[in-house]
Amino acid sequence: MNSLLKFFLTHGRLNYTIMIFITILGMLSYSMMPKDVFPPLKLDKILISGGYAGTSVDILDKMAVTKIEDELRSLDGISEMQSSIKNSKFSIFLTLEKGTDIDDTLNDVKDIISNVKRFFPSDMNEPVAKKVTIQIPILAVVISSNTETMDSMIRMGKDIKREILSIEGVANVNLYAENDRVLEIKLDSKKIEMLGLNKSLLIGELQKFSYIYPAGKVEEQSNHLFISTLNGNRNIEEILSTRISIGGQNLILKDIATAERKYKEIDVISRFNGERNIEMGVAKNESGDAIALAENVKEKLKELEKKYPSLKLDTYNDASKFVRNRLNTVVSSIFVGLILVGLTVLILINARVAFVVTIGIPVTFLIGAITIYLLGYSINIMTLLGVLLILGVLVDDAIIVSENIQRHIHEGEEKLHSAIIGTKE
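So in this note's numbering, spot 48 of the sequence shown is number 922, and the numbers just go up one at a time.
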């Protein structure tokens, strides 16, 4: 300990070089490390997802899900397995036991899927296995307009969603008004009556359309039939050219109806600054910087407002403001600590010691920033709380050590010896 203290006390230029190096590296580390509200949580979960268009729940379960589950049971380290099947798609969630290596298990799961694939239909895509990651909400984007219809706002909202997803660090964008596409078939009541058709039989025939069933659902409102379908890309002319047989009469659908594709009506109406609006939530991945990401999203929205002049794009629930406020609190606390420590040491001891002590506090903080960055941590509410607590300890230690060194000097001891003994004590 004595030799180490003596080495640094007798090599002043080396100390200055190290301090400059720490200052530069610390500032770079601070600017590069992620800044978030809470520390990232690691989920030991794996998701397997797949599907086969047009299949029922029972068939998909027997054809794929059950086979995958049977093979997965032979894997060690899996504590829980949950499966769900909906709209010709399935998902299997695997929860791993504590201490299980998720990367090794993921590779084993992929091998199992590759082996089971030979039992699937040849035109079925191979199921995908991936680690489950946390998507942290950053801000909400509001799209409003007093000229555009809800249908057109949703359509443009999809384009805006794709633009925001292209920003680095964005994990997901959820367009809340993005409902299923609906095929709206409007029946001509007069033509139906002239032909003597039974409307109930007509609805039954519409529900049998092979390209709508099994996802199709018909809702009758007055003279309208609303058919919900996930087949949003099918040609309307093809649908209207369908031949149907009702009560022994053969006819083409367009003889008695017109069709239009639109978005399903939403159940909730919201307004922003008095204008009808839709919303989307922007979430970041675990390693994303909340402050930088929020700024990038806002810059992108400014560009998109020029592209879509009929829309107003705003944000709210900005989580980066909370992080920025906490960072400002820490920075202000550091400056207040520097001033108080400097004045205290200046009054009680002398200006030279006050300068050395004051410089030591930000340098120590920068060393902490380097350590946090190298360990892969982020600046969040937990690390900021730790910084604030340790800042008080640093201030106390700095004053105590400097006073002790000065006491030895006043007792007539040599300065180098006083610095070594005063620091050790």
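For every residue, glycine included, the Cβ atom is placed at its ideal position computed from N, Cα and C. Note that the coordinates shown come from a computational prediction; the quantities given were computed from them, not determined experimentally.
Along the chain, where does the beta strand (DSSP E) containing Q1280 start, and where does it finish? The residue given as residue 1280 occupies position 406 in the sequence shown. For Q1280, no beta strand (DSSP E) encloses it; the enclosing alpha helix (DSSP H) starts and ends at I1255 to H1284.
Just the Cα atoms here: how many angstroms apart are L1162 and I1246? Your numbering for residue 1162 matches position 288 in the sequence shown. Your numbering for residue 1246 matches position 372 in the sequence shown. What sits at residue 1162 in the sequence shown is Gly, not Leu. Computed Cα separation, rounded: 15 Å.
With DSSP run on the structure shown, which of helix, strand or coil describes I892? By 1-based counting over the sequence shown, the position of residue 892 is 18. DSSP places I892 in helix when its eight states are reduced to three.
Buried/exposed call for R1200, threshold 16 Cβ in 10 Å: As a working mapping, residue 1200 is identified with position 326 in the sequence shown. Label assigned to R1200: buried.
Identify, in the order they occur along the chain, each residue of the same chain with its Cβ nearer than 8 Å to the Cβ of E1169, setting aside the five sequence neighbours on each side. What you label residue 1169 is simply residue 295 of the sequence shown in a count that begins at 1. Apart from the 5 residues on each side of it in sequence, E1169 sits with its Cβ closer than 8 Å to the Cβ of S1194 in its chain, given in chain order.
Take every Cβ of the segment 1276-1284, pair it with every Cβ of the segment 1212-1223, and state whether three or more of those distances are shorter than 8 Å. The answer is yes - the segment 1212-1223 touches the segment 1276-1284, with three or more Cβ pairs under 8 Å.
Between which two residues does the beta strand (DSSP E) harbouring N999 extend? In the sequence shown, residue 999 corresponds to position 125, counting from 1. Per DSSP, N999 lies in no beta strand (DSSP E) and is assigned neither H nor E.
For Y1190 and T897, what's the separation of their Cα atoms in angstroms? The residue labelled residue 1190 in the question sits at position 316 within the sequence shown. The residue labelled residue 897 in the question sits at position 23 within the sequence shown. Computed Cα separation, rounded: 36 Å.
Let's see if you can read the secondary structure: which residues bound the alpha helix (DSSP H) around T940? As a position in the sequence shown, residue 940 is number 66, starting the count at 1. That run of the alpha helix (DSSP H) goes T940 to L946.
Would you mind sorting P1183 into buried or exposed? The rule is 16 or more other CB atoms within 10 Å of its CB. Taking the sequence shown and counting its residues from 1, the one referred to as residue 1183 is at position 309. An exposed status is given to P1183, since fewer than 16 other beta-carbon atoms sit within 10 Å of its beta-carbon.
Within this structure, are the beta carbons of V990 and I942 separated by less than 8 Å? Against the sequence shown, residue 990 aligns to sequence position 116. Against the sequence shown, residue 942 aligns to sequence position 68. A contact, by the Cβ cut-off of 8 Å.
If you draw a straight line from the C-alpha of G1031 to the C-alpha of R992, how long is it? Residue numbering aside, residue 1031 sits at position 157 when the sequence shown is read from its first letter. Residue numbering aside, residue 992 sits at position 118 when the sequence shown is read from its first letter. The alpha-carbon atoms of G1031 and R992 are separated by roughly 40 Å.
Close-in-space but distant-in-sequence residues of the same chain around I1041 (CB under 8 Å, 5 per side omitted): The residue you call residue 1041 lines up with position 167 of the sequence shown. Its chain contains L1167, N1170, V1171 and K1174 as the residues whose beta carbon lies nearer than 8 Å to that of I1041, once the 5 sequence neighbours on both sides are disregarded; these appear in chain order.
DSSP on D1192, reduced to helix/strand/coil? Here residue 1192 refers to the residue found at position 318 of the sequence shown. Reduced to three states, the DSSP call for D1192 is coil.
Over the uninterrupted beta strand (DSSP E) stretch that includes N1159, give me the two end residues. The sequence position of residue 1159 within the sequence shown is 285, counting from 1. No beta strand (DSSP E) holds N1159; DSSP gives it neither H nor E.
Is the number of C-beta pairs between the segment 952-962 and the segment 902-913 that are closer than 8 Å three or more? At 8 Å Cβ cutoff, the stretches do not touch.
Any non-hydrogen atom of the ligand FAD closer than 7 Å to H1291 Cβ: Questions concerning the ligand FAD fall outside what the structure shown contains, since it holds no ligand whatsoever.
Going by alpha carbons, who is nearest to I1126 out of E1134, E1079 and I1165? Indexing the sequence shown from 1 puts residue 1126 at position 252. The option with the nearest alpha carbon to I1126 is E1079.
Nearest residue (CA-CA) to L1039, options N1159, P995, I1120 and N1124: Sequence index remark: in the sequence shown, residue 1039 carries index 165 (1-based). Residue N1159 is the option with its Cα nearest to L1039.
R1226 to A1272, Cα distance in whole Å? Residue numbering aside, residue 1226 sits at position 352 when the sequence shown is read from its first letter. Residue numbering aside, residue 1272 sits at position 398 when the sequence shown is read from its first letter. Whole-angstrom Cα-Cα distance: 14 Å.
Could you round the C-beta distance between L1265 and I1208 to whole angstroms and report it? I think they count as a contact, below 8 Å. Within the sequence shown, numbered from 1, the residue matching residue 1265 stands at position 391. Within the sequence shown, numbered from 1, the residue matching residue 1208 stands at position 334. Rounded, the Cβ-Cβ distance is 7 Å, consistent with contact.
Opposing strand residues paired with P1011 [DSSP bridges]: The sequence position of residue 1011 within the sequence shown is 137, counting from 1. The partner list for P1011 (beta bridge, DSSP) reads A1157.
Helix, strand or coil for L879 per DSSP? Residue 879 sits at position 5 when you count from the first residue of the sequence shown. Residue state, collapsed to three classes: helix.
Return the first residue and the last residue of the beta strand (DSSP E) that S965 is part of. Residue 965 sits at position 91 when you count from the first residue of the sequence shown. Bounds of the beta strand (DSSP E) holding S965 are K963 to L970.
Compare the beta carbon distance of F964 and L921 with 8 Å and say whether it is the shorter of the two. Here residue 964 is taken as the residue at index 90 of the sequence shown, counted from 1. Here residue 921 is taken as the residue at index 47 of the sequence shown, counted from 1. Not a contact, by the Cβ cut-off of 8 Å.
Considering only the beta carbon of each residue, do N1072 and I1120 sit closer than 8 Å? As a working note, residue 1072 is residue 198 in the sequence shown. As a working note, residue 1120 is residue 246 in the sequence shown. Yes, the Cβ-Cβ distance between N1072 and I1120 is below 8 Å.
I need the DSSP call for L1212, collapsed to helix, strand or coil. Stepping through the sequence shown from its first residue, residue 1212 is reached at position 338. DSSP, read as helix, strand or coil, puts L1212 in helix.
Please classify N1107 as buried or exposed, where buried requires at least 16 other C-beta atoms within 10 Å of its C-beta. The residue you call residue 1107 lines up with position 233 of the sequence shown. Because N1107 sits at a pLDDT of 49, beneath the cut-off of 50, its placement in the model cannot be relied upon, and the point is left open.
Give the secondary structure of I1041 by DSSP, where H, G and I count as helix, E and B as strand, and everything else as coil. Walking along the sequence shown from the start, residue 1041 turns up at place 167. Coil.
DSSP state of M955, grouped into three classes? One-based indexing of the sequence shown puts residue 955 at position 81. Strand, per DSSP.
Report all residues from its chain with a CB closer than 8 Å to the CB of M1256; omit the five preceding and five following residues, and keep chain order. If you number the sequence shown from 1, residue 1256 lands on position 382. Within the same chain, and ignoring the five residues on either side of M1256 in sequence, the residues whose Cβ sits closer than 8 Å to its Cβ are F912 and P913.
In chain order, what residues of the same chain lie with their CB nearer than 8 Å to the CB of M1154, ignoring the 5 residues before and after it? Along the sequence shown, read from residue 1 onward, the residue named residue 1154 stands at position 280. A1014, V1015, I1017, G1031, I1034, K1035, I1038, V1047, N1048, L1049 and Y1050, listed in sequence order.
Quick one, which of I987, K936 and L970 has its alpha-carbon nearest S923's? Position 49 of the sequence shown, counting from 1, holds the residue named residue 923. Comparing C-alpha distances from S923 to each of I987, K936 and L970 shows the shortest one belongs to I987.
Does DSSP put K909 in a helix, a strand or coil? Along the sequence shown, one-based indexing puts residue 909 at 35. Looking at K909 - three-state DSSP - the assignment turns out to be strand.
Roughly how many angstroms lie between the CA atoms of S962 and I1012, to the nearest whole one? Walking along the sequence shown from the start, residue 962 turns up at place 88. Walking along the sequence shown from the start, residue 1012 turns up at place 138. Cα to Cα, the separation comes out at about 32 Å.
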